[in-house]
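Worksheet for the structure shown next.
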């Protein structure tokens, strides 16, 4: 394959014509191997190879790079980039269709799909390694777009990757001592106006970038594993604050909600880590609430339930954040030892103008009441929204109507004036 690619590069560059490199990865192939065995996985690979060969020209090159990764080299395409891209896209779509046809494996029908990355060559004097990296990168973009699709490499994509690499490096540096990290607190307010606690929200004060918001670095932290040290810092800092609040009569009853990612919860020592943090900080576990997102329901729910039960025995409460936006399952909801549901801000935002959002909000409130769970509405920005929620049976709120996320000093001032 490498020799063929070198030859194609030389010929196309000399003729000033374009070719294309397709990087094909089978979606969820590991699951097939794990459930039906490697022998069945090998049969799938053979059938995929046969379909690839049948859907390209005789002069094109098809190779298996390794594992479930295949490469197709399309030679002698049009010299104009747009036309060449269209030709490569047509072949890619043909391959997508062919690989989506059900397979017969171990006496049963099996469905599989590919993610395909495409890069053109012959115009820029690219090297073999560069082309493979570009096609691989485009393939990962196809996976990020939802799998079973194809994506082309472009310079903008490379720029995005360079930005991501630099951001990851800066975040690793920022996590070393924790001095660049800040914890802000957004108040949670009851219907009678009393503050019952706050959600802890991390911010990153990077020397060159300035204040970086969570949506700009949390997804990166989750995909790189940096969410683990970041989560430990947030939990420890929140528990230290809980311990301080516990020494004052006016704040002793406040709770702090800490977001916990699915990645953190899957860690074998997560329970031990939380216990250790509580012991070291002296925080009251009855004032700590761990907020889970629905993504935790996507993997090994039974293990999650066991860990939650252990922490629940310590007095820790649990809430399900962003309810209704992801992997909602009423059967799991019944099993999880939850205390609280949070109505996602996306429903609250249009609750007065969109009948569907209004119906969803009312349903979540009714569900919480039926299951004996408290309900908090996020993203409450107007008095009319609060009134609608109150009339629907929701009596706790979080949002800019009451206060934005603020530093601990600002929160203390807020408590003296509002709480």
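In this note's numbering, the protein residues as written are 39 to 457.
By construction, the Cβ of each residue, glycine as well, lies at the ideal position given by its N, Cα and C atoms.
From a predicted model like this one, the values you see are computed outputs, not experimental measurements.
Report yes if the C-beta distance between residue i and residue j is below 9 Å; otherwise report no.
i, j, result
"residue 328", "residue 309", "no"
"residue 341", "residue 383", "no"
"residue 376", "residue 335", "no"
"residue 103", "residue 39", "yes"
"residue 378", "residue 352", "no"
"residue 296", "residue 238", "yes"
"residue 331", "residue 290", "no"
"residue 386", "residue 423", "yes"
"residue 120", "residue 155", "no"
"residue 397", "residue 426", "no"
"residue 37", "residue 212", "One cannot answer for residue 37 here, as it falls past the ends of the chain, which runs 39 to 457."
"residue 74", "residue 143", "yes"
"residue 293", "residue 316", "no"
"residue 43", "residue 62", "no"
"residue 226", "residue 414", "yes"
"residue 129", "residue 186", "no"
"residue 153", "residue 180", "yes"
"residue 355", "residue 324", "yes"
"residue 264", "residue 242", "no"
"residue 320", "residue 284", "yes"
"residue 87", "residue 78", "no"
"residue 449", "residue 402", "no"
"residue 47", "residue 166", "yes"
"residue 368", "residue 358", "no"
Take the Cβ of residue i as the centre, count every other Cβ of all protein chains shown within 10 Å, and call the residue buried at 16 or more, exposed below.
i, result
"residue 230", "exposed"
"residue 122", "buried"
"residue 391", "exposed"
"residue 157", "buried"
"residue 65", "buried"
"residue 131", "exposed"
"residue 134", "buried"
"residue 380", "buried"
"residue 184", "exposed"
"residue 124", "exposed"
"residue 150", "buried"
"residue 182", "exposed"
"residue 110", "buried"
"residue 349", "buried"
"residue 417", "buried"
"residue 421", "exposed"
"residue 467", "Lying before the first or after the last residue shown, residue 467 is absent from the chain, which here runs from 39 to 457."
"residue 307", "exposed"
"residue 287", "exposed"
"residue 261", "exposed"
"residue 430", "buried"
"residue 389", "buried"
"residue 455", "exposed"
"residue 298", "buried"
Mind reading off the beta-carbon distance from residue i to residue j? Whole number of angstroms is fine, and I expect it under 8 Å.
i, j, result
"residue 60", "residue 161", "Contact flag wrong, Cβ pair sits at about 17 Å."
"residue 224", "residue 443", "4 Å"
"residue 126", "residue 115", "7 Å"
"residue 190", "residue 175", "No, residue 190 and residue 175 are not in contact; Cβ-Cβ is about 10 Å, not under 8 Å."
"residue 54", "residue 117", "6 Å"
"residue 453", "residue 233", "6 Å"
"residue 318", "residue 343", "In fact, because the Cβ distance is near 27 Å, the residues do not count as touching under 8 Å."
"residue 250", "residue 272", "Not a contact, Cβ separation roughly 15 Å."
"residue 106", "residue 67", "4 Å"
"residue 247", "residue 433", "Going by Cβ atoms, the distance from residue 247 to residue 433 rounds to 40 Å, so no, they are not a contact pair."
Could you check whether the Cβ of residue i sits closer than 9 Å to any Cβ belonging to chain B?
i, result
"residue 355", "Going by chain labels, chain B is absent from the structure shown, which holds only one protein chain."
Review point. Taking only runs of the alpha helix (DSSP H) that begin and end inside the stretch 204-290, which ones reach a length of at least 4 residues, in chain order?
Key: 252-262, 265-284
Review point. If you scan the stretch 301-330 from start to end, which runs of the alpha helix (DSSP H) of 4 or more residues do you find wholly inside it?
Key: 308-319
**Study point:** Those runs of the alpha helix (DSSP H) which lie wholly inside the stretch 110-169 and span at least 4 residues
**Key:** 119-138
Review point. Is there contact here, the stretch 67-85 with the stretch 201-214, by at least three beta-carbon pairs under 8 Å?
Key: no
Point to revise | Three-pair Cβ contact test at 8 Å for the stretch 434-447 versus the stretch 393-407 | key: no
Practice item. Ignoring anything shorter than 3 residues or poking outside the stretch 333-407, list the beta strand (DSSP E) runs there in chain order. Key: 355-361, 378-381
Review point. Does the stretch 258-275 come close enough to the stretch 210-224 to have 3 or more Cβ pairs within less than 8 Å?
Key: yes
**Study point:** Any beta strand (DSSP E) of 3 or more consecutive residues that is wholly inside the stretch 67-115
**Key:** 99-104, 107-115
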